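Q: Once you've had a glance at the structure underneath, I'll fire off some questions.
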Amino acid sequence: MKAIDIRNKYLNFFKNREHSVLPSAPLIPENDPSVLFTTAGMQPLVPYLLGEKHPAGTRLTDYQKCVRTVDIEEVGDNRHLTYFEMLGNWSLGDYFKKESIKMSFDFLTKELEIPVEKLSVTVFAGDEDAPRDEESASIWKEVGMPEQHIYYFGKEDNWWIAGEEGPCGPDTEMFYDTGKEPCSEHCNPSCGCGKYVEIWNNVFMEYYKTKQGKYSKLKQKNVDTGLGLERMTMLLQGKETPYDTELFAKVMEKLTQLAKCDNITSRRIVAEHLRSSMMIICDGGRPSNVERGYVLRRLIRRMTRHLNKLGIDLNELPNLIELNIEILKELYPELEKNKETIKQVLIEEKDKFMKTLHHGEKEFEKAMNKIKQENMQKVEGQVVFRLYDTYGFPPEVTSDLAQEQGYCIDMEEFQKLYKEHQEKSRMGSEQKFKGGLADQNEETICYHTATHLLNAALKITVDKNVHQKGSNITQERMRFDFSCDHKLTQEEIQKTEALVNEWIQQALPVTQEEMKKEEAIKTGAECMFIEKYPDIVTVYSIGDVSKELCGGPHVKNTSELGIFKIKKEEASSAGVRRIKAVLIK
Ligand code: SER
Numbered sequence: 015m016k017a018i019d020i021r022n023k024y025l026n027f028f029k030n031r032e033h034s035v036l037p038s039a040p041l042i043p044e045n046d047p048s049v050l051f052t053t054a055g056m057q058p059l060v061p062y063l064l065g066e067k068h069p070a071g072t073r074l075t076d077y078q079k080c081v082r083t084v085d086i087e088e089v090g091d092n093r094h095l096t097y098f099e100m101l102g103n104w105s106l107g108d109y110f111k112k113e114s115i116k117m118s119f120d121f122l123t124k125e126l127e128i129p130v131e132k133l134s135v136t137v138f139a140g141d142e143d144a145p146r147d148e149e150s151a152s153i154w155k156e157v158g159m160p161e162q163h164i165y166y167f168g169k170e171d172n173w174w175i176a177g178e179e180g181p182c183g184p185d186t187e188m189f190y191d192t193g194k195e196p197c198s199e200h201c202n203p204s205c206g207c208g209k210y211v212e213i214w215n216n217v218f219m220e221y222y223k224t225k226q227g228k229y230s231k232l233k234q235k236n237v238d239t240g241l242g243l244e245r246m247t248m249l250l251q252g253k254e255t256p257y258d259t260e261l262f263a264k265v266m267e268k269l270t271q272l273a274k275c276d277n278i279t280s281r282r283i284v285a286e287h288l289r290s291s292m293m294i295i296c297d298g299g300r301p302s303n304v305e306r307g308y309v310l311r312r313l314i315r316r317m318t319r320h321l322n323k324l325g326i327d328l329n330e331l332p333n334l335i336e337l338n339i340e341i342l343k344e345l346y347p348e349l350e351k352n353k354e355t356i357k358q359v360l361i362e363e364k365d366k367f368m369k370t371l372h373h374g375e376k377e378f379e380k381a382m383n384k385i386k387q388e389n390m391q392k393v394e395g396q397v398v399f400r401l402y403d404t405y406g407f408p409p410e411v412t413s414d415l416a417q418e419q420g421y422c423i424d425m426e427e428f429q430k431l432y433k434e435h436q437e438k439s440r441m442g443s444e445q446k447f448k449g450g451l452a453d454q455n456e457e458t459i460c461y462h463t464a465t466h467l468l469n470a471a472l473k474i475t476v477d478k479n480v481h482q483k484g485s486n487i488t489q490e491r492m493r494f495d496f497s498c499d500h501k502l503t504q505e506e507i508q509k510t511e512a513l514v515n516e517w518i519q520q521a522l523p524v525t526q527e528e529m530k531k532e533e534a535i536k537t538g539a540e541c542m543f544i545e546k547y548p549d550i551v552t553v554y555s556i557g558d559v560s561k562e563l564c565g566g567p568h569v570k571n572t573s574e575l576g577i578f579k580i581k582k583e584e585a586s587s588a589g590v591r592r593i594k595a596v597l598i599k
């Protein structure tokens, strides 16, 4: 069975069981700073898992494009991927464990025709936060899972949460037995030897974990499931790795043809990073030195370096992109539509990297001379990090080059500096939550301040209970989502526009102040998701018309904004309206 057939079977199966089929959300989340990319099917659904009503109902299914980069260094082995597709089904306060487990069992055994002997499942063993999940275990037995195929594990295996805080709960995971010999007499689905491969995860979301580590019951019990498409495709086709399936096989072959030497790890890295970066660019990602742009840059650079390592002419890149589009267009028709952009971005970045490599090598030689003069034993982490950060030199390259001259690098120190850098960029992305700012330049900063004014104005012209639900800013326009139960009248729109313009004309000063989060709340400062902010926050005030928790940046005075014009007012989702507006200068 091909990947596309598995996807279609899945969506149809759940559609026939009253689930609405949703389109995949983009890989780049619009208003979630806690992650750089969409990392699971549940992520775009978080507001609904927390109780907001979904316009498509209480039973949902979709395929979701996902990128996870925590394991980027592992790519090249036989299983880690940075890009993957997750099939999922959700119950928003609708069915719970019984129906969920039964549907999963039926899909696996009847639709995909996996023999039950090949399946094992795990359930939560219980601890001080939540009880042992005997309920799931007994449902598994009822539907036909042999008792000896049911395992109990603790939080590390059978509890799911995205990140540190948020909706969470015990899960039950399904595993496929590849038929390999057990690694020991204790071999089991959690041992990681490769005999058992995880295929599906059903999370029974009943809790919310706060940043402080406290668990409280969610108002509504939900089910969130995720099934990895590439893995399922590989298993059903009896292949050892995803690279042997139709998703990668042709690219892998082409790389073999082009390569001057064979190195399977390098070929996998090229094939995987090429696909991943194409998907990210297709959804609007662009390489840069910060956050998601930095991840994309790393992917492209690593791919380029391995193309070099394989001795492949970099002018082959457009052909490899074309080939990948041919392979993937049935699954992702958007790739074909964005073909030219994908090519342009990838090629430009590759060219930039080649220049960088050139400069970096010179810099490396300078550093080596110093090391030799000073009789040092190894290349300091500082140097490795600077080459990485400033010249985009991956540490492995520095290590290779150092080794050629009989030196090694201080990897530990590098890792430390790298972690610090990551932490900074994570904090940066949290700060940017409010504005969803991709780039900060004069225009976007003006729009950011205008967002605060609009938020304040709506509370006066429409309803004091209006709250921001999201925003998105580009250099050309702003988009602002807010809670509101009706379509704005023409009069409301005009009044809002007039009020914002009045404040702009009043040339109000914009000031900022740091304070403890609790104090900020006491002052009545506006804020979207209080839990998402650090303990010390920045509060921006505009004259005395607006006060909001925000990471900035903002203009110094509202007179810098120009004329504010509302272009459109429309529905965004249930109970949420959206305003598109521009600033005319
Ligand atoms: N959110 C769960 C996971 O990522 C189930 O989809 O595994």
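For the sequence shown, the numbering used here begins at 15 and goes up steadily by one. Glycine included, every Cβ here is placed at the ideal spot set by N, Cα and C. Computed from a predicted structure; not experimentally measured.
#1: I'd like to confirm something about N303: is its beta-carbon nearer than 8 Å to some heavy atom of ligand 1, or not?
#2: Pull up the CB-CB distance for T463 and F494, whole angstroms please, since I reckon it's below 8 Å.
#3: To test your reading of the DSSP string, which unbroken beta strand (DSSP E) runs of 3 or more residues are found completely within the segment 192-240?
#4: Below 9 Å between beta carbons: does that hold for I294 and V569?
#5: Decide if K323 is buried, meaning its Cβ has at least 16 other Cβ atoms within 10 Å, or exposed.
#6: With H, G and I counted as helix, E and B as strand and the rest as coil, what does DSSP make of S105?
#7: Please list, in chain order, all residues of the same chain as E584 whose beta carbon is under 6 Å from its beta carbon, the five residues on each side excluded.
#8: Where does G298 sit, in a helix, a strand or coil, going by DSSP?
#9: Pull up the distance between the alpha-carbon of L334 and that of Y97, whole angstroms please.
#10: What three-state label does DSSP hand Q489 in the structure shown?
#11: Can you tell me where the beta strand (DSSP E) holding F480 begins and where it ends?
#12: In this structure, what does DSSP give as the bridge partners for Q78?
#13: Just list the residues that DSSP pairs M188 with in beta bridges.
#14: Check whether the Cβ atoms of L36 and F51 lie closer than 9 Å to each other.
#15: Whose C-alpha, out of Q251, T83, I86, is nearest the C-alpha of L243?
#16: How many Å lie between L451 and R306 at the Cα?
#17: Helix, strand or coil for Q526? Go by DSSP, reduced to three states.
#18: Under 8 Å from any heavy atom of ligand 1, does the C-beta of A512 make it?
#19: Within 10 Å of its beta-carbon, does C623 have 16 or more other beta-carbons around it, so buried, or fewer, so exposed?
#20: To the nearest angstrom, how far is the alpha carbon of D108 from that of R73?
#21: At the level of alpha carbons, what is the spacing between S105 and L63?
#22: With a threshold of 8 Å (Cβ to nearest heavy atom), would A39 be considered close to ligand 1?
#23: Using the C-alpha atoms, what's the distance from G374 back to T412?
#24: Spatial neighbours of K448 within its chain, please: CB distance less than 6 Å, with the 5 preceding and 5 following residues excluded, ordered by chain position.
#25: By DSSP, does A512 sit in helix, in strand, or in coil?
#26: For K155, which residues from the same chain have a beta carbon less than 8 Å from its beta carbon, with the 5 sequence-adjacent residues on both sides left out?
#27: So is K446 buried or exposed if we call it buried at 16+ other beta carbons inside 10 Å?
#28: Taking only the alpha-carbon atoms, compute the straight-line gap between L272 and F378 and give it to the nearest angstrom.
#29: Please look up how many angstroms separate the CB atoms of A17 and Q78, rounded, as I've assumed it's under 8 Å.
#30: Going along the chain, which unbroken runs of the beta strand (DSSP E) with 3 or more residues stay wholly within the segment 109-170?
#31: Could you tell me the alpha carbon to alpha carbon distance between W173 and E99, rounded to whole angstroms?
#32: Determine, for T572, whether the minimum Cβ-Cβ distance to residues of chain D falls below 9 Å.
#33: At which residue ranges does the segment 385-431 contain complete alpha helix (DSSP H) runs of 4 or more residues, listed in the order of the chain?
#34: Could you name the residues of the same chain whose beta carbon sits closer than 6 Å to that of E125, not counting the 5 residues immediately before and after it, in chain order?
#35: Going by the CB atoms, is the gap between L241 and F189 shorter than 9 Å?
#36: Note the first and the last residue of the continuous alpha helix (DSSP H) segment covering E628.
A: This is what the structure holds:
#1: Outside the cutoff, so no.
#2: With a Cβ gap of about 13 Å, T463 and F494 do not count as contacting.
#3: Runs of the beta strand (DSSP E) inside the segment 192-240: 210-223.
#4: The answer is no: Cβ separation not under 9 Å.
#5: So K323 ends up on the buried side.
#6: Correct three-state label for S105: strand.
#7: Excluding residues within five positions, the ones whose Cβ falls inside 6 Å are R592.
#8: Coil.
#9: Rounded to the nearest angstrom, the two C-alpha atoms are 17 Å apart.
#10: In the displayed model, Q489 falls within coil according to three-state DSSP, outside both helix and strand.
#11: The sequence given here has Val at residue 480, not Phe. It is not in any beta strand (DSSP E) - V480 carries neither H nor E in the DSSP assignment.
#12: For Q78, which the question treats as bridged, DSSP gives the partners M100.
#13: Under DSSP, the beta-bridge partners assigned to M188 are V135, W214.
#14: No.
#15: Checking every option, the nearest Cα to that of L243 belongs to Q251.
#16: Summary for L451: the model assigns pLDDT 33, below 50, so the residue's position carries little reliability, and this model does not support an answer.
#17: Three-state DSSP puts Q526 in a strand.
#18: False, no ligand heavy atom lies under 8 Å from that Cβ.
#19: Absent from the structure is residue 623, since the part of the chain shown begins at 15 and ends at 599.
#20: C-alpha separation (whole angstroms): 7 Å.
#21: Straight-line measurement puts the Cα of L63 at about 9 Å from the Cα of S105.
#22: A39: no, Cβ never under 8 Å from ligand 1.
#23: Going from the Cα of T412 to the Cα of G374 covers about 9 Å.
#24: Bear in mind that the predicted position of K448 carries a pLDDT of just 32, short of 50, making it too unreliable to give a figure here.
#25: It is helical.
#26: Closer than 8 Å at Cβ, skipping near neighbours: E161, I164.
#27: The pLDDT assigned to K446 is 39, lower than 50, so where the model puts this residue is not dependable, and the model offers no usable value.
#28: Their backbone Cα atoms lie some 30 Å apart in a straight line.
#29: That belief does not hold up - the Cβ atoms of A17 and Q78 are roughly 14 Å apart, past 8 Å.
#30: If we require 3 residues or more, the beta strand (DSSP E) runs fully inside the segment 109-170 come out as 133-138, 164-167.
#31: Going by C-alpha positions, W173 is about 21 Å away from E99.
#32: No chain D is part of this structure, which consists of one protein chain only.
#33: Counting only unbroken stretches of 4 or more residues, the alpha helix (DSSP H) elements lying wholly within the segment 385-431 are 395-405, 409-418, in sequence order.
#34: Contacts found: K23, F27.
#35: At a Cβ-Cβ threshold of 9 Å, F189 and L241 do not count as neighbours.
#36: Residue 628 falls outside the range modelled here, since the chain spans only 15 to 599, and no answer is possible.
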